[in-house]
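Following the UniProt record's numbering from start to finish, the sequence shown increments by one per residue and tops out at 534.
The C-beta atom is built at its ideal place from N, Cα and C for all residues, glycine as well.
All values reported here derive from a predicted model rather than from experimental measurement.
Below is one structure, written out as structure tokens; the observations come after it.
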Amino acid sequence: MNLDFSETIKLLEFQIFKNQNANFSNAQFPIHNNELESNNQENSENIANSARHKLQSNRLSGKKCQKKQIRISKIRNESLKNQQQELSLLIKDLKRIQELDNKKSIFFQPQEYLKPNFNFYELNCFPYRLKKMKNGFNSELQNDDQDNSRNQQQIQRNFPGNRILKISNNTGDLLVPIQQHSRLAMISSQASLKQIKTVQLQSDTKQTTILNNAHDNFKILGLENSRGFVYNQDFSHIYGVLQLSSQIVSHIQIDPYLILGLNDSSLNILCKVNYESKMIVHLAKNAFRFIEFIQYFEGLNHSYLMIFEGEGYIQILDMHTLEIVYTFQHSNKFSIHSAEMLHDSQHILLAQAQLDNTSKFLGGISTVILTCEEVSQSFTLTECENPCSLLDQIKGPVLNIVQITQNIIITTEINNNFIVYDINHNTKSRIFNPSQSINYCFLQRIQGFSNERPYLIYQDSRSIGLIDCNLLQAVKLVNISYQRCGNYYSMFHYETTNELSQNGAVSNIINVLALQYNRQQNERGISCFQFSLQ
């Protein structure tokens with residue numbers, strides 16, 4: 001449905017004309033309909049009559065009366081001038097919104113930049129503590145009993161309106177000394193935090209996702225009110241606003257597109273350069289995760305996007321035509337919160353979690369096999385079961401799954417440790433979680449994951465940290481409280497390069513953006529920090 005502001009614009013232009021020709025009027029907000037226009041005119045006449053009566057009844061000398069009339073005239077003119085400027089800006093914005101809507105654009109850049117507030121924190125390199133420069137940032141949660149008891153209410157609350165968050169009164173250091181974990185000396189010697197900045201957000205609006213546009217390094221913040229703020233590189237102002245059909249719940253970047261999964265079971269595919277909407281794709285359910293893959297048909301590379309959705313749905317999107325070419329639903333109908341395509345590019349592991357009608361939390365890890373028919377250029381997914389496998393014996397929610405070697409995967413379950421599965425030997429072990437949280441959001445291979453950089457980066461309800469996949473040990477980088485269990489898109493990390501001024505060498509920097517929430521003070525924000533890996 002196209003937006004039509006023509007009548008409103010006409011009324012606003014009439015108000016400007018009337019103000020320019022009025023003898024005496026009270027400056028008011030723009031008129032939007034005839035009823036308001038009539039009321040405002042009547043109010044203006046009443047105010048004018050009252051002013052004239054007061055002047056006539058005043059027994060001041062003619063000179064004093066004249067000075068008072070001059071003051072009233074100046075106030076009136078200044079008020080009219082301000083109103084004229086406001087009306088002109090509003091008309092420009094309405095015309096631009098309508099013009100963009102006619103072009104099927106969802107991006108709107110305001111006349112004035114909105115400037116958020118932010119605080120800086122200075123961090124020493126490992127293994128020292130953080131020095132806090134300003135107030136307003138709280139440390140790690142303290143009440144383990146409450147955290148554990150509330151966990152069962154937090155699983156599968158995957159939409160922003162149902163977010164359950166909490167934070168403690170502890171405003172101490174953000175970083176736990178690495179000396180407490182002597183076995184992690186290798187990690188601590190290779191990672192060093194650079195700085196942290198907290199962008200303060202509106203406390204009455206919930207934030208759903210955060211990401212960095214790789215094209216221009218602008219930051220996109222998803223909001224619960226079907227909008228997205230586009231910040232500039234350093235969060236100093238809001239560059240523009242995305243007006244969407246629903247709130248953002250997931251996203252992925254595939255050149256030249258920025259693909260947003262929305263809460264109305266659709267994908268909005270944007271151009272990364274100008275943020276214009278290229279296509280709306282309707283899905284079976286909300287999209288939770290994505291895997292891009294290449295398939296060879298007739299000797300040519302074809303790019304596809306596998307979309308993992310609620311109630312066990314998997315759909316495949318052709319990135320050339322931007323059309324859904326295959327739909328599959330798993331027989332257990334559990335929502336798919338994470339997925340991992342194994343090295344053979346055929347077996348796909350699904351991390352699933354579901355709340356049934358009796359408030360019982362279900363889930364586990366399922367396996368499907370992807371086959372491709374080259375002649376018809378079609379796909380088929382088939383369920384694969386192995387009752388003897390430890391993976392098939394999981395009976396609880398699984399929110400993240402990552403393959404680190406051909407035979408080893410790491411998961412986040414309802415457990416205060418990370419779980420490691422050896423597929424070949426059918427065994428499992430645990431990685432100690434320094435924060436001891438059982439609520440997990442984010443688990444992903446770090447940018448440039450390799451034998452030289454064997455790290456996963458994670459976020460739980462209390463902290464952000466790294467897992468060394470060689471040592472199978474974890475270290476906490478910083479305490480950041482965000483208790484929306486399973487919100488994979490509450491954190492985003494990307495890599496940049498900095499040239500060192502001392503010797504001209506190039507240093508690779510990992511940048512992290514993470515949502516945070518202080519429930520007691522009702523403060524919301526974005527924590528931004530950097531660390532380097534030698």
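Inset, instruction - Give a yes or no on whether the C-beta atoms belonging to I467 and I431 are separated by under 8 angstroms. - result: yes
Inset, instruction - Mark N169 as exposed unless 16 or more other C-beta atoms lie within 10 angstroms of its C-beta, in which case mark it buried. - result: Low local confidence applies: a pLDDT of 26 at N169 is under 50, so the model's placement there is unreliable, and no value is given.
Inset, instruction - Determine the closest residue to Q516 out of Q530, L242, R462, E309, with distance taken between C-alpha atoms. - result: R462
Legend entry - Beta-carbon contacts of H282 that lie in its chain and below 6 angstroms, excluding the five residues immediately before and after: S266
Legend entry - Entirely enclosed beta strand (DSSP E) segments - the stretch 338-380, minimum 3 residues: 347-355, 361-373
Legend entry - Beta-carbon proximity check, I269 vs Y257, cutoff 8 angstroms: yes
Legend entry - Test item: CB-CB of Y494 and N212 under 8 angstroms: yes
Inset, instruction - With distances taken Cα to Cα, identify the nearest neighbour of L342 among Y231, I423, F308. - result: I423
Legend entry - Beta-carbon proximity check, E323 vs K285, cutoff 8 angstroms: no
Legend entry - Nonlocal neighbours in the same chain, by C-beta distance under 7 angstroms from F334, ignoring five residues either side: G312, Q352, A353, Q354, L362, G363
Legend entry - Length of the line joining the Cα atoms of R150 and R227: Confidence at R150 is low in this model, with a pLDDT of 42, below 50, so the placement of that residue is unreliable and no value is reported for it.
Inset, instruction - Check L283 in the structure and name its three-state DSSP category. - result: coil
Inset, instruction - Kindly identify the DSSP beta-bridge partner or partners of S265. - result: Answer is none; S265 lacks a bridge partner.
Inset, instruction - Could you check if T208 is buried or exposed, using at least 16 other CB atoms within 10 Å of its CB as the buried criterion? - result: buried
Inset, instruction - Check L244 in the structure and name its three-state DSSP category. - result: coil
Legend entry - Pick from N439, L242, K206, E385 that is closest to F218, judged by C-alpha positions: L242
Legend entry - Test item: CB-CB of Y458 and G465 under 8 angstroms: yes
Inset, instruction - Could you tell me the distance, in whole angstroms, from the CA atom of F492 to the CA atom of T198? - result: 15 angstroms
Legend entry - Test item: CB-CB of V402 and L471 under 8 angstroms: no
Legend entry - Every unbroken beta strand (DSSP E) within the stretch 501-526, with a cutoff of 3 residues, ordered by chain: 506-518
Legend entry - CB contact flag (Q346, L317, <8 angstroms): no
Legend entry - Three-state secondary structure (DSSP) of D278: According to the sequence as given, residue 278 is Lys; it is not Asp. Of the three classes helix, strand and coil, the one that applies to K278 here is strand, per DSSP.
Legend entry - Per-residue burial, P387 [other beta carbons within 10 Å of its own, 16 or more giving buried]: exposed
Inset, instruction - Reducing DSSP to helix, strand and coil, say where S236 ends up. - result: coil
Inset, instruction - Give the secondary structure of K206 by DSSP, where H, G and I count as helix, E and B as strand, and everything else as coil. - result: coil
Legend entry - Per-residue burial, N451 [other beta carbons within 10 Å of its own, 16 or more giving buried]: exposed
Inset, instruction - Evaluate Y440 with the Cβ neighbour count: other Cβ atoms within 10 Å of its Cβ, from every protein chain shown; 16 or more gives buried, anything less gives exposed. - result: buried
Inset, instruction - May I ask which residues mark the beginning and end of the beta strand (DSSP E) holding V398? - result: 398-403
Inset, instruction - Taking the CB atoms as reference points, tell me whether I438 and I414 lie closer together than 8 angstroms. - result: yes
Inset, instruction - Assign Q393 to one of three DSSP states: helix, strand, or coil. - result: helix
Inset, instruction - From the DSSP output, in three-state form, read off E383 for me. - result: strand
Legend entry - Exposure label - G486; buried when at least 16 CB within 10 Å: buried
Legend entry - Member of T496, I210, L513 whose CA lies at the smallest distance from the CA of V506: T496
Inset, instruction - Please report how far the alpha carbon of E373 lies from the alpha carbon of D255, in whole angstroms. - result: 26 angstroms
Inset, instruction - Inspect the beta-carbon positions of M306 and F293 and report whether they are closer than 8 angstroms. - result: yes
Legend entry - Own chain, CB closer than 6 angstroms to H302, minus 5 neighbours either side, in chain order: Q295
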